[in-house]
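Residue numbering for the sequence shown follows the working numbering, beginning at 152 and increasing consecutively.
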Amino acid sequence: MLISSIKEICFMELVKKLADHAGAKAEKFFKATLFRGDALLLGVNCLEPGQVQKAHTHGDQDKFYYVVGGNGRFTLGNDLVDAAEGEVVWAPTGLLHGVENNGDSRLTLLVGIAPAP
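Spelled out as structure tokens, the structure:
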């Protein structure tokens with residue numbers, strides 16, 4: 152999708168309020184796509200206390216998590232790393248990664264994957 156002018160798409164598709172796309176599920180963590188282009192996917196993930204995104208890899212994609220709110224414990228390869236609001240966690244291509252909400256409130260993450268899956 153090559154866009155040469157903002158006139159080609161609706162302006163409202165370019166600006167979104169993250170909180171409007173956050174949510175919760177009792178059975179597993181919540182995720183929603185904010186934007187998807189050819190080169191990047193941006194989404195929001197919400198994990199309630201105790202919820203886990205199981206460790207996994209992406210063969211040809213980099214991923215980042217920006218902690219919007221809450222606290223999480225991230226698996227990065229063989230290591231566990233705690234991150235809190237305002238911190239960014241990066242998982243380069245091929246690195247095992249996942250996250251657990253080890254706090255007592257919702258963990259909200261802005262997630263980017265490039266190139267987009």
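Built from N, CA and C at the ideal position, the CB exists for glycine as well.
By alpha-carbon distance to glycine 221, the top candidate from Pro266, Ala170 and Leu258 is Leu258. Considering only Tyr216, Phe181, Ala242 and Thr208, the residue with the shortest C-alpha distance to glutamate 199 is Phe181. With respect to histidine 172, lysine 214 sits apart: the two C-beta atoms are not nearer than 8 Å.
Remark: fewer than three beta-carbon pairs, one from each stretch, lie closer than 8 Å, so the segment 228 to 239 and the segment 189 to 196 are not flagged as touching. From the listed residues Gly188, Val262 and Gln202, the smallest Cα separation to lysine 176 is found for Gln202. In the three-state reduction of the DSSP assignment, glutamate 178 falls in the coil class.
Taking a 10 Å sphere around the C-beta of glycine 228, we find fewer than 16 other C-beta atoms and assign the residue as exposed. For the 8 Å CB-CB criterion, glycine 223 and valine 250 form a contact. In the DSSP assignment, histidine 248 forms a beta bridge with His207 and Leu227. Valine 232 and glutamate 164 have their C-alpha atoms some 34 Å from each other.
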